[in-house]
Each structure stands twice: as C-alpha cells, then as structure tokens.
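Peer 1: My questions will all concern the structure given below.
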Amino acid sequence: MKNSYRLVWFQHFHKAAGSSVVATALANQETAFPAHQNGNPCDKQGELIPLDTYSSQELTSFVDRCENEGITFVACEWDIVDYDTLKSDPRVVLITCIRDPLKRFVSEFYYSFYRGLHDHENFELHLANQLKTSQNEYYCRILSRKQRVEALEEADLARSKKILSNFDFISVLEKENSLNALYTALGWHLEKARHINKTGFNRKRAFRFFFKGKRHLTKRHRTHPQVAPDKVFSDRFEEHNSLDRQLYQWAWQTSQL
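Numbering (this note's numbering), first residue to last: 9 to 265.
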C-alpha cells in the first residue's frame, strides 16, 4: 500500500513571501512543529533545531520523526539543508519562492529599519554594511553557504542552480499568479490564502514599540516613508548582485508555475 504521508519542506528566503506561505500552509491544516518560529522547527527550549548541520542519515531520521508525529510542514529560513537527501525521499515535497533581488533588498531594508534592527537611513548605507539578510548575492550565498567575506564565483551560481533544481515547485513572485499556482499545486485552498505584510506599519505595532520604550520607532514610517531606489543605486546594486540576477532569471525560465 502506498504511503500517503507528505511533508512539505519550504526553503524560506527572507522577505520573499515566506510568512504568507507559512500562514497559508497552517490555514490549510498543514501541521508544523508544536514549537516553531514562523514554521522553523524548535526544540523544547524554544531554540531552532540546527537542521543545516544534519547529516544525510540524521535528516532522514528527522523526516521519520515528522511522519511519526504527524508533522506535515517544515520551513527552513536561515540556512539550507542537504536537499539531495530530501529530494530522494518520496515523502518530501520541496518548495520555495524567489523574489526579484532588488525588490527583496528594498523590502528587507524597510522591514529591518522600521523595527530598529539597523539605523541605516538610506539604501547605500544598508548595502555597504552587508548584514546577513541584505548581503550582496544573498541567494547564492545562502545556497552556497559562503560568508560575506568570501568571494563568489560562477561555480557558486552553478551550485545554486543545482540545489534549486531539486525543488518540486519554485514560485517566482513577479510571475502572474505564480504564488496561487503553488498553493493549487499543493492542494491548498486559495480562499484560505494569507497575505502577511510585515514590512508595512500599523497601529498595533506602534503600540507595541511605545510600551517597550521604543517610541522613536513609532515615527520611522512617517519620517522615512517607503520609496523606490533611484537609477544610480539600482545600477550599483545590479553591479554587486549579478549572480543573483542570473539565478533569478534562471528560476523564471525554469519554473513551471
């Protein structure tokens, strides 16, 4: 008898619709770990389980555990795992979302700035400081596991493509209806789809900052409203992110969604 168990494994690239995908999965009765951070499994102490360090055998054992405990959805946001192992496991469905590199950077800039995670008042400063979630060649660095101080080569782009080729579904967010097509392919109901905008600002978040003694953050969305980057910065960004641009274009061409 065929095993009907399915584990949806979501590689969550930061500021690429990840929270919306997680919320939609849970709204469609997918089951995450009892303790999790936005779908990322945690142990009983609330610490992230270091899946990125797992060997092939450990990763397979983890999938076994998920099956035994009825876990049907796992997100992996801060690093990657051994996707060759997961691809060979018929129980696992691999999904991810890719966003235009510049748009992802801009979204991450405002998301972090409005929360006080950095004090860079413009795109140029943010690009120069190279935080993990805003570093140059973000996609290729995550996929190749290369640190910010390490130079990237064409081989790293090739490796990134190879890893993503393991995925069953890649949603390119700028493609019309690509995200809904992903949900449909997974059997999720579109009427239960969730759109989570964590970059924006609302009254609830303002009150939270106010009562935490972070009153200065309640003004940032007014003093620094979201604007699109000018051509000078856009050109500079593309110059420093040519591999990510190529990876994005490859994903656009190869994605069936």
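C-beta: ideal position from N, C-alpha, C; glycine also.
Since the model is a prediction, treat every value here as computed from it, not as a measurement.
#1: Which complete alpha helix (DSSP H) runs does the segment 111-185 hold, if anything under 4 residues is left out?
#2: Closest to K111 by C-alpha separation, out of H22, H203, I171 and H232, would be which residue?
#3: In the DSSP assignment, what residue or residues form a beta bridge with Q83?
#4: Do you know offhand how far Q309's Cα is from H20's?
#5: Between the Cα of T32 and the Cα atoms of L187, D87 and A201, which residue gives the shortest distance?
#6: To the nearest whole angstrom, what separates the beta carbons of R167 and L160, a pair I think is in contact under 8 Å?
#7: Mapping the DSSP letters down to three states, classify N48 as helix, strand or coil.
#8: Hey, could you find the ends of the beta strand (DSSP E) L194 is sitting in?
#9: Can F121 and R228 be called in contact, C-beta distance under 8 Å?
#10: Going along the chain, which residues of its own chain have a beta-carbon closer than 6 Å to the beta-carbon of E116, five neighbours each way excluded?
#11: Does the beta carbon of E116 fall short of 7 Å from some heavy atom of the ligand COA?
#12: For my contact list, S263 and I171 are in at a C-beta cut-off of 8 Å; report their separation, rounded to the angstrom.
#13: Quick check: the Cα distance between R153 and E145, rounded to an integer number of angstroms?
#14: Could you pull the start and end residues of the alpha helix (DSSP H) that T39 belongs to?
#15: Below 6 Å CB to CB, which residues in the same chain sit around H190 once its five sequence neighbours on both sides are set aside?
#16: Give the secondary structure of L56 by DSSP, where H, G and I count as helix, E and B as strand, and everything else as coil.
Peer 2: If we stick to the structure as given:
#1: Runs found: 131-137, 146-152 and 162-172.
#2: The sequence position of residue 111 within the sequence shown is 103, counting from 1. Here the closest residue by C-alpha is H22.
#3: To locate residue 83, count along the sequence shown from 1; it is residue 75. A small correction: the amino acid at residue 83 is Ala; Gln does not occupy that position in the sequence shown. Beta-bridge pairing links A83 to F18.
#4: In the structure as shown, the chain begins at 9 and stops at 265. Residue 309 is therefore absent and cannot be evaluated.
#5: On the sequence shown, position 24 is the one that residue 32 refers to. Selected option, being the one with the closest Cα: A201.
#6: As a position in the sequence shown, residue 167 is number 159, starting the count at 1. As a position in the sequence shown, residue 160 is number 152, starting the count at 1. The beta carbons of R167 and L160 sit about 10 Å from each other, so the pair does not count as a contact at 8 Å.
#7: Locating residue 48 in the sequence shown gives position 40, counting from the first residue. In the three-state reduction of the DSSP assignment, N48 falls in the strand class.
#8: The residue you call residue 194 lines up with position 186 of the sequence shown. That residue, L194, is in no beta strand (DSSP E); it is neither H nor E in DSSP.
#9: Reading the sequence shown from its first residue, position 113 is the one you call residue 121. Reading the sequence shown from its first residue, position 220 is the one you call residue 228. Yes, they are a contact pair.
#10: As a first step, residue 116 is located in the sequence shown; it is residue number 108 there, counting from the start. Counting only Cβ-Cβ distances below 6 Å, and skipping sequence neighbours, we find K23, T141 and S142.
#11: For the ligand COA, the structure offers nothing, since it holds no ligand at all.
#12: Position 255 of the sequence shown holds residue 263. Position 163 of the sequence shown holds residue 171. S263 to I171, Cβ: 15 Å. No contact.
#13: Sequence index remark: in the sequence shown, residue 153 carries index 145 (1-based). Sequence index remark: in the sequence shown, residue 145 carries index 137 (1-based). A straight-line Cα-Cα distance of about 11 Å links R153 and E145.
#14: Along the sequence shown, one-based indexing puts residue 39 at 31. First-last for T39: undefined, no H or E at that position.
#15: Along the sequence shown, one-based indexing puts residue 190 at 182. This sequence places Leu at residue 190; His is not what is there. The answer, listed in chain order, is F177, S179 and L265.
#16: Looking up residue 56 in the sequence shown gives position 48. In this structure, L56 counts as strand in the three-state DSSP scheme.
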